[in-house]
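Going letter by letter, the sequence shown gives residues 3 to 185 in this note's numbering.
Glycine included, C-beta positions come from ideal geometry on N, C-alpha and C.
Structure record follows, encoded as structure tokens.
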Amino acid sequence: MKNLALSKTHRLIEPGPVLWVTTFHKGRANIMTIGFHMMVQHDPPLIGCIIGPWDHSYEALRKTRECVLAVPGVDLAKKVVDIGNCSGADIDKFEAFGLTPVPAKKVAAPLIDECLANVECKVVDTSMVNKYGLFILEAVRTTLNPARKEQRTFHHKGDGTFTVDGLTLNLQERMTKWKQFQD
Ligand SMILES: Cc1cc2nc3c(=O)[nH]c(=O)nc-3n(C[C@H](O)[C@H](O)[C@H](O)COP(=O)(O)O)c2cc1C
């Protein structure tokens, strides 16, 4: 794992890859899958995530106000779907799916070793949770895992089908108003 500047966290999230959310509550770590999320602010990085009361993770997030957003590569696609189709109330998903929890530095929820990136987050605004299940998270530490051979993320089309990251289109020369977001 290597550190990524917090100011660059949005580059991982903005294209909208399917994510895993880990939580740690009552002595147990859990994982769920989400497709509904968005960047809200650059600095500090704020991310909005929809997590519904039907998810076991919902109570954990409400009570602990901490989680990790883990970015899986497409090699993990089947596990991503399966993890989004079972409940942490019934099983230990880390064990059942052979994923490796790694201690985070700033939150109690674990990183997932097999993921491309892990974003440690604190819940900073719950004002729209009752209405929309919308949690506003602040990214407090982001790490990358460049050792993973498969670096392509994938994106839920909302119906159990997915698109996989493909070609990169470099239009940075036209981004005259937004140079601060380029390396
Ligand atoms: C591809 C995919 C995307 C999903 N997106 C969301 C989402 O954005 N928000 C949500 O609350 N649940 C979403 N789910 C459903 C949860 O992952 C699912 O309810 C899961 O079982 C919750 O796990 P838990 O009960 O252990 O928390 C998604 C599931 C899949 C397969």
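Local conformation of LYS133 per DSSP, three classes = helix
task = May I have the straight-line CA-CA distance separating ASN32 from ARG176, to the nearest angstrom?
result = 43 Å
task = To the nearest angstrom, report how far apart ALA1 and LYS80 are at their CA atoms.
result = For the chain, the structure presents residues 3 to 185; residue 1 sits outside this window and is missing.
Test: ALA62 CB closer than 8 Å to a CB of chain C = No chain C is present in this structure, which holds just one protein chain.
query = Anyone know if the C-beta pair for VAL125 and GLU61 falls short of 8 Å?
reply = In this structure, GLU61 does not lie closer than 8 Å to VAL125 by Cβ.
task = Taking the CB atoms as reference points, tell me whether THR145 and LEU173 lie closer together than 8 Å.
result = no
key: Nearest-angstrom Cα separation, counted from THR66 out to GLY50   = 17 Å
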